[in-house]
Structures are given as structure tokens and as C-alpha cells.
Amino acid sequence: MDYQDAVLQRVTRETDSIYSFALSVPDGMTWKAGQFASWQLRGVPLDEGDTDSRIFTIASSPEEEILLFATRIGDRHSSYKDALLHRIQPGDVIGVSSAMGGFAIPEKADRALLIAGGIGVTPMRAVLKAECLSDRPGRELTLIYSDSREEYAFPDFWKEAAEELPDLQVCYVNNRYDLAAMVRSYAGTNGADASYLISGAPAMNDSMAALLLEQGIPESQLIRDSFMGY
Ligand SMILES: Cc1cc2nc3c(=O)[nH]c(=O)nc-3n(C[C@H](O)[C@H](O)[C@H](O)COP(=O)(O)OP(=O)(O)OC[C@H]3O[C@@H](n4cnc5c(N)ncnc54)[C@H](O)[C@@H]3O)c2cc1C
Numbered sequence: 027m028d029y030q031d032a033v034l035q036r037v038t039r040e041t042d043s044i045y046s047f048a049l050s051v052p053d054g055m056t057w058k059a060g061q062f063a064s065w066q067l068r069g070v071p072l073d074e075g076d077t078d079s080r081i082f083t084i085a086s087s088p089e090e091e092i093l094l095f096a097t098r099i100g101d102r103h104s105s106y107k108d109a110l111l112h113r114i115q116p117g118d119v120i121g122v123s124s125a126m127g128g129f130a131i132p133e134k135a136d137r138a139l140l141i142a143g144g145i146g147v148t149p150m151r152a153v154l155k156a157e158c159l160s161d162r163p164g165r166e167l168t169l170i171y172s173d174s175r176e177e178y179a180f181p182d183f184w185k186e187a188a189e190e191l192p193d194l195q196v197c198y199v200n201n202r203y204d205l206a207a208m209v210r211s212y213a214g215t216n217g218a219d220a221s222y223l224i225s226g227a228p229a230m231n232d233s234m235a236a237l238l239l240e241q242g243i244p245e246s247q248l249i250r251d252s253f254m255g256y
């Protein structure tokens, strides 16, 4: 994979265990909100068997002119994440690949339910930022942000987005039962008239997709971003 140089600008501790990393955009790099990239660390010691790159979603939209990614670094973590936490500092260069993937709210959708599990919220930040900056007529958007640890990243962003987009509703849940109930209720009301974006660990994605299919939502209305590796 080819990498371009991105210079780390700042690291923000978003919650107890979620950190965001803002980097300069390499010359000529473009991406669409919702895409992901591979991020390569250079010159840092890693455990044998660990690799120097990870896939992280670009949590910013291109108009922000900054590359942002965010990740969860728990008490037990890989040597890659240990390097992110302790070795990398502003001014250092991180390699970034071309952007990949097509996670997005379909252009023609008038309404959408965005279901984020934990750190799966990163593409939701990007697509909602793009929505705030777009001049297309407002559409009805609901974000359900589920996190069993109640570690909700980017709190100011969700408030600003809700002010910017009058038809955006942001709901927080901290357990799978409430999450399933809210999704079921939304699907019952909106059915196949809505698009359903799901982003999180593969197990959460699979259970949400199964629930929506059970509710009669056609597969064509489901858009998924599976964070393999969690
Ligand atoms: C399309 C896509 C987009 C993605 N976007 C993101 C994103 O935006 N943000 C993000 O964070 N991830 C994202 N991921 C997942 C990411 O690529 C990594 O797979 C994930 O962050 C796990 O990282 P890690 O392997 O460094 O493990 P860690 O996160 O360090 O650990 C994973 C698990 O293994 C356990 N563990 C790790 N090391 C040890 C150890 N030594 N002993 C015992 N247990 C241990 C941890 O406790 C944890 O439960 C994405 C993946 C894909 C495919």
C-alpha cells in the first residue's frame, strides 16, 4: 500500500479511553465523508507479530481541511495503540493511504437512521459534518449512539450538529435492549422509506441488520461499516 505523509497536529482525549488525532492533509489527498484509510506508524518499536498500520475511519469531512481519526485505547491494548498513546506527538509524521469505502447517506434519501456502536461513531461524525456543510435541503436524520461504557465521543460536535440541522435527532443509549427497542420503533414508523446506516463492531452490525431485516426492511436500505478487529 502507498502512504503519503500527514503531520500530527494535535491529540485530544475525548473520553476516558477514546483519543482523537488531527493531522494535516497531504497535498492532493481527497476523500468523501464516511471513508476510511490505513494509517502507518514509522520508526516506533512494536511487539513481534504486531503490524505498523491500522484501518481507521476518517472522522472529518473534507471541507474541514484536517484529517481526523479516533480510536479506543483500553487498559489492555496492542503495541500499535501503545505507540499512538505514548510515542507519537504533534509534529511527527504518520503515513496515510488513499481513502477507501463508500459509507454514506444515499444522495436521494429523505430520511435515515444512523446506528453507531461505540467507536463506530467515527463515520457518523464525518457524514453529519458533511450534511451540516451541504446546501441540499434538510432531511430527517436520527442518530442512535450506543455505548455500554457511556463514553460518548465528540459531545460538542453533536450539540452543534443538532443546532445546525433542525431535523437531526441525537439519542444516546447504554444497553443493547434499549438500542433494539429504539431501532424497532423507528423501523416500525419509517419502514423502507428510510435508509439505515449501521457502524460498529461486526457483532453489533450483524445483530442490527438481522433485527431490521426481521422488521421487513429490505437489504437494499441497509448500509454497513464493519469495524473488523473489534
Ligand atoms: C472499515 C474499518 C473502519 C475502522 N474504523 C475504526 C475507527 O474509526 N476507530 C477504531 O478505533 N477502529 C476502527 N477500525 C478497527 C481498527 O482497524 C482496529 O482493528 C481496532 O481498532 C483494533 O485495534 P488493535 O488491533 O490495535 O487492538 P486493540 O484495540 O488494542 O485491542 C483489541 C482488543 O484486544 C484486546 N487486547 C489487545 N492487546 C492485548 C493484549 N496484549 N493482551 C490482552 N488483550 C489484548 C483489547 O483489550 C481489546 O479488547 C476499523 C476497521 C475497519 C475494517
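Sequential numbering of the sequence shown, starting at 27, is according to the numbering used here.
Note that the Cβ used here is the ideal one computed from N, Cα and C, for glycine as well.
Cβ-based neighbour list, residue i, same chain, cut-off 7 Å, excluding 5 preceding and 5 following
i	result
H112	none
M254	P228
Buried or exposed (CB count within 10 angstroms, at least 16 for buried), residue i
i	result
V115	The displayed chain sequence assigns Gln, not Val, to residue 115. Q115 is exposed by the Cβ-count criterion.
N216	buried
L205	buried
K185	exposed
D173	buried
K134	exposed
Y178	buried
Ligand 1 heavy atom lying under 7 Å from the CB of residue i
i	result
D42	no
R39	no
M254	yes
I145	yes
G100	yes
A96	yes
Y106	yes
Run of the alpha helix (DSSP H) containing residue i, from where it starts to where it stops
i	result
D204	R202 to N216
S105	S105 to H112
Residue i - containing beta strand (DSSP E), residue span
i	result
W184	Run containing W184: none in the beta strand (DSSP E); it sits in the alpha helix (DSSP H), P181 to E190.
R151	Where R151 is concerned, there is no enclosing beta strand (DSSP E), although the alpha helix (DSSP H) it sits in stretches over T148 to L159.
L223	S221 to G226
L169	E166 to S172
Minimum Cβ-Cβ distance from residue i to chain B less than 8 Å
i	result
G54	In the structure shown, chain B cannot be found, because there is only a single protein chain.
6 Å Cβ shell around residue i - same chain, five flanking residues per side excluded
i	result
G121	Y29 and Q66
P149	G60, T83, F129, S225 and D251
Which residues DSSP lists as bridging residue i, in chain order
i	result
S41	Ser is not the amino acid found at residue 41; the sequence shown has Thr there. DSSP, once it has assigned bridges, lists no residue as partnering T41.
S64	I81
L34	L49
R137	E166
Y256	For Y256, which the question treats as bridged, DSSP gives no partner whatsoever.
Close-in-space but distant-in-sequence residues of the same chain around residue i (CB under 8 Å, 5 per side omitted)
i	result
V119	D31, A32, V33, L34 and R68
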